[in-house]
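Numbering (the numbering used here), first residue to last: 1489 to 1874.
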């Protein structure tokens, strides 16, 4: 080394001095990189070497970089040096031709567009747009599923031997008979609460006798169908979605496809028919038990005789309210099964998608039940109330 050159190896960390040397030549600092700049050679010194080289670049922005003595260099080390240089080639750089190619590739990578930043208004518009597109996608999926089910019904009418009677019976039992307990319990308690609170208000006006009209109209027309539909959506709807989702995870749906068995014909259609039959029966059962609870509370609070309550109920509640409630049950039951099967078939073969799909299915079913009830209330506002 000549007297004009000064090598400052003491300023470098002892753990990294094998890979670079700081040389002062004619008062011009120069970083001379040596050895193998590969991920395997650097190992745990990778981050330390990167920080030291960054420190030298910040201390001397015009420092010379000498990479000629580097024997081997992989892409990880090239990216490290590129980050040290802040994605810009230094003015004073000496490099071997074979290494020059790798840096040239990084220079030709197009720069990412600047992030404009998310404002409150753009976030709001983006959220609405994404949710609208998602809603449209689900609507298209539901319409496609309904169309496939109509084709299956036409096929089964022409070929009645292929009607899945066992699947329909099984779904009727699971969604109907096994739900009698929970619907009876909730209906009975709701009837007691509604009768108890109504009796206190009716006493103030001496209109105790009108509790029969109040309980009859509210339970048979509204509370019975809605309560039964919400319970079925949480109980049977989630079960249907989870069942189809597990079949997707375990590749049973793929096996049915390989065997030429239609998913909609053997899995979806029996669930919709079964729940469409079971739901009005559950509505009738829930309304009856809720009226029983209301009758018990009315006798306790107002001293209203059981026999009078039963005999006055047909005169207080027109029969149209019963048919309206049963009609709600049929529509809500088929809608719940359709939504549950739609989300079940969309589940991806992983457990995270299974849980998220089941949750979305239940929430969507309950929302649709409330929407259907509102539509019935508006369309049939003049039926059964006069």
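C-beta atoms are modelled at their ideal positions from N, C-alpha and C, and glycine is treated no differently. The model shown is predicted, which means the values in this text are computed figures rather than measured ones.
Spatially closest choice to residue i from the options, by CA coordinates
| i | options | result |
| --- | --- | --- |
| residue 1849 | 1860, 1833, 1837, 1838 | 1833 |
| residue 1550 | 1696, 1577, 1532 | 1577 |
| residue 1547 | 1567, 1510, 1533 | 1510 |
| residue 1506 | 1525, 1517, 1512, 1649 | 1525 |
| residue 1552 | 1670, 1521, 1536 | 1521 |
| residue 1691 | 1582, 1564, 1792, 1565 | 1792 |
| residue 1626 | 1594, 1831, 1769, 1798 | 1831 |
| residue 1534 | 1561, 1722, 1594 | 1561 |
| residue 1776 | 1671, 1870, 1720, 1842 | 1671 |
| residue 1835 | 1650, 1827, 1845 | 1845 |
| residue 1766 | 1612, 1847, 1663 | 1663 |
| residue 1869 | 1710, 1728, 1819, 1743 | 1710 |
| residue 1668 | 1801, 1757, 1719 | 1719 |
| residue 1705 | 1614, 1811, 1647 | 1811 |
| residue 1828 | 1797, 1771, 1798, 1727 | 1727 |
| residue 1559 | 1523, 1618, 1837 | 1523 |
| residue 1529 | 1543, 1545, 1563, 1542 | 1563 |
| residue 1863 | 1840, 1613, 1815 | 1815 |
| residue 1756 | 1582, 1519, 1655 | 1655 |
| residue 1876 | 1597, 1590, 1557 | Because the chain here runs from 1489 to 1874, residue 1876 falls outside it and cannot be looked at. |
Per DSSP, cross-strand counterpart(s) of residue i
| i | result |
| --- | --- |
| residue 1525 | 1561 |
| residue 1509 | 1520 |
| residue 1581 | 1553 |
Residue i CB to nearest heavy atom of the ligand SAH below 8 angstroms
| i | result |
| --- | --- |
| residue 1855 | With respect to the ligand SAH, the structure shown offers nothing to examine, as it has no ligands at all. |
Cβ of residue i within 9 angstroms of any chain C Cβ
| i | result |
| --- | --- |
| residue 1715 | The displayed structure is made up of one protein chain only, and chain C is not part of it. |
Supposed contact pair residue j and residue i - C-beta distance, whole angstroms, cut 8 angstroms
| i | j | result |
| --- | --- | --- |
| residue 1712 | residue 1813 | 6 angstroms |
| residue 1538 | residue 1572 | 6 angstroms |
| residue 1659 | residue 1725 | Residue 1659 to residue 1725, Cβ: 12 angstroms. No contact. |
| residue 1584 | residue 1555 | 7 angstroms |
| residue 1768 | residue 1817 | 4 angstroms |
| residue 1566 | residue 1541 | Incorrect: roughly 13 angstroms between the Cβ atoms, too far for contact. |
| residue 1716 | residue 1774 | 4 angstroms |
| residue 1544 | residue 1519 | 6 angstroms |
Outcome for residue i when other beta-carbon atoms lying within 10 angstroms are tallied against a minimum of 16
| i | result |
| --- | --- |
| residue 1586 | exposed |
| residue 1867 | exposed |
| residue 1865 | exposed |
| residue 1753 | buried |
| residue 1859 | exposed |
| residue 1708 | buried |
| residue 1861 | buried |
| residue 1697 | exposed |
| residue 1661 | exposed |
| residue 1588 | exposed |
| residue 1623 | exposed |
| residue 1789 | buried |
| residue 1580 | exposed |
| residue 1809 | buried |
| residue 1758 | buried |
| residue 1760 | buried |
| residue 1714 | buried |
| residue 1441 | An answer regarding residue 1441 cannot be provided, because it is not within the stretch 1489 to 1874 covered by the chain. |
| residue 1508 | buried |
| residue 1665 | exposed |
| residue 1819 | buried |
| residue 1633 | buried |
| residue 1771 | buried |
| residue 1857 | buried |
Mind the definition here: the region 1774 to 1791 touches the region 1683 to 1694 only if three or more C-beta pairs lie below 8 angstroms; say whether that holds.
yes
Three or more C-beta pairs under 8 angstroms: does that hold for the region 1813 to 1823 against the region 1845 to 1860?
yes
Decide if the region 1628 to 1644 is in contact with the region 1739 to 1748; the criterion is three or more beta carbon pairs, one per stretch, under 8 angstroms apart.
no
Whether or not the region 1697 to 1708 and the region 1801 to 1819 are in contact is what I'm after, with contact meaning three or more pairs of Cβ atoms, one per stretch, closer than 8 angstroms; do they touch?
yes
For the region 1669 to 1678 and the region 1728 to 1735, state whether three or more C-beta atom pairs, one from each stretch, are separated by less than 8 angstroms.
no
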